[in-house]
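I have placed the structure first, in the form of structure tokens, so that the comments after it can refer back to it.
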DNA sequence: GTCTATAGTGCGATAGAC
DNA sequence: GTCTATCGCACTATAGAC
């Protein structure tokens, strides 16, 4: 009998999402998740520093995707062009097939304030990493931080729309629209004519 | 002998900040904080829903300040003008005398990821509340959310600068500069001439 | 105000991979 | 043999229930 199998983290993540979705986050103990895949509570905490983290592993992939967009952009790109490039690159992680999974995961997160906090924290780490990368390309402060935060804001708004009921547009399509809206908003000198 | 004194929450907050700063956040138990002001652990948790919250009570004042700025703005104001008004109003909560206190509090928060998460969450709640208020003024989506998030971003960047070593400028002064930088950043069509 | 479940840690032992 | 994943147990603090 095998004592351990590969993909332990992944199996724990899948089991956790399933249990959280059906029984609720707080009603599901770490021990239950572990037992459901034949492991112990202690092993769960070896893979995930805390219970929430089981829902957020994989966010490093997103950071990498944003950074890949920056790396591929031309050297003379403006900060906002870099933001656009990062967003386009990140959108590849959200193909239409993943909408269902994203919706399920998000519904769990929305049901628990502690999970919302963790999500915000991850976005914040993403923004900080992006800011570092922009500074690394010679963009000064506070432009680098503002651009990085704008990128995550646009991403967040776009993601919310993407998983919205009845939404058909692709992630990249939505991102472009939202980014254009941000440009328009901040550039607007005259008020509305209403 | 008095059984309780007024300002219990305030005394717990002050004691907590002091203990966190000198002994570290994780090394300080809720029971210790309570005992240091002659109360029991149970009483601590009656005032604060969890241990972190003792550092974040008072953030409602900030939400109110942002909203007050919106209310005072003229009806035909553009979203970005409303953002500016909210920021000016919020700056009043950060007079120069408070810089020292803000620096100490922030140094504690920066030492602990859990506290950083809570801080992000509070900013997020602020952004959501601002977004509601903007929608209440007839600003459509996604402009309302983008403007609200931009406001908190500018606030965050400004606050970081405000508590920076050697910083002399007032909060409102910094906010105006950062907001101008955001306008410039997003409006910029041509690239740098370097 | 007491009692309790659960999150999360520390340490030693064990079982396999290499 | 080393290295790492897992287990098992004892333990504290948080946080909620009674």
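Chains as they are written, first to last, in full-length UniProt numbering: chain A, 1 to 194; chain B, 1 to 194.
Cβ coordinates follow ideal geometry from the N, Cα and C atoms, glycine included.
Are the CB atoms of residue j and residue i within a distance shorter than 8 Å?
i                      : j                      : result
residue 145 of chain B : residue 71 of chain A  : no
residue 121 of chain B : residue 116 of chain A : yes
residue 130 of chain B : residue 143 of chain B : no
residue 163 of chain A : residue 102 of chain A : yes
residue 183 of chain B : residue 186 of chain A : yes
residue 62 of chain B  : residue 126 of chain B : yes
residue 44 of chain A  : residue 12 of chain A  : yes
residue 21 of chain A  : residue 104 of chain A : yes
residue 31 of chain A  : residue 51 of chain A  : no
residue 41 of chain B  : residue 112 of chain B : no
Give the C-beta separation of residue i and residue j to the nearest angstrom, bearing in mind that I take them to be a contact with Cβ-Cβ under 8 Å.
i                      : j                      : result
residue 151 of chain B : residue 73 of chain B  : At roughly 12 Å, the Cβ-Cβ gap does not stay under 8 Å, so residue 151 of chain B and residue 73 of chain B are not in contact.
residue 154 of chain A : residue 179 of chain A : 5 Å
residue 78 of chain A  : residue 47 of chain A  : The Cβ separation is near 41 Å, so there is no contact.
Could you tell me whether any non-hydrogen atom of the ligand ZN is closer than 7 Å to the CB of residue i?
i                     : result
residue 92 of chain B : Questions concerning the ligand ZN fall outside what the structure shown contains, since it holds no ligand whatsoever.
Checklist line | Proximal residues, the stretch 112–128 of chain B versus chain A, C-beta separation under 7 Å | finding: The stretch 112–128 of chain B vs chain A, Cβ under 7 Å: 116, 117, 118, 120, 121, 124.
Item checked: Stretch pair the stretch 16–26 of chain B + the stretch 44–58 of chain B: three plus CB contacts closer than 8 Å -> The stretch 16–26 of chain B makes contact with the stretch 44–58 of chain B; the number of CB pairs closer than 8 Å reaches 3 or more.
Next item on the list: Return the chain-ordered ranges of every alpha helix (DSSP H) run that is complete within the stretch 67–154 of chain A and spans a minimum of 4 residues.
Entry: 79–91, 99–110, 113–136, all fully within the stretch 67–154 of chain A.
Margin query: Contact between the stretch 162–181 of chain B and the stretch 88–100 of chain B is defined here as three or more beta-carbon pairs at a separation below 8 Å; is this criterion met?
Written below: With the rule of 3 Cβ pairs closer than 8 Å, the stretch 162–181 of chain B counts as touching the stretch 88–100 of chain B.
Margin query: Give the list of continuous alpha helix (DSSP H) stretches no shorter than 4 residues that lie fully inside the UniProt domain "HTH tetR-type" (6–66) of chain B.
Written below: Within the UniProt domain "HTH tetR-type" (6–66) of chain B, the complete alpha helix (DSSP H) runs of at least 4 residues are 8–23, 30–36, 41–47.
Next item on the list: Pair every Cβ in the stretch 27–39 of chain A with every Cβ in the stretch 60–68 of chain A, then say whether three or more of these pairs are closer than 8 Å.
Entry: Put simply, the stretch 27–39 of chain A does not touch the stretch 60–68 of chain A. Fewer than three CB pairs are less than 8 Å apart.
Check: Any residues in the stretch 151–179 of chain A with a beta carbon nearer than 7 Å to a beta carbon of chain B? Which ones, in chain order?
Finding: Against chain B - using a Cβ distance shorter than 7 Å - the residues of the stretch 151–179 of chain A are 153, 157, 178.
Next item on the list: Residues of the stretch 52–84 of chain A with a CB closer than 8 Å to any CB of chain B: list them in chain order, please.
Entry: Per Cβ criterion, the list reads 76, 77, 78, 79, 80, 81.
Notebook entry, point to check: Which residues, taken in chain order from the stretch 133–147 of chain A, show a beta carbon closer than 7 Å to some beta carbon of chain B?
Noted result: Flagged, chain order: 142, 143, 145, 146, 147.
Check: Between the stretch 16–43 of chain B and chain A, which residues of the former have a C-beta closer than 7 Å to a C-beta of the latter?
Finding: For chain A, none of the residues of the stretch 16–43 of chain B brings a beta carbon within less than 7 Å of one of its beta carbons.
Notebook entry, point to check: the stretch 90–104 of chain A: which residues have C-beta closer than 7 Å to a C-beta of chain B, in chain order?
Noted result: Contacts with chain B (Cβ-Cβ distance below 7 Å) from the stretch 90–104 of chain A involve no residue at all.
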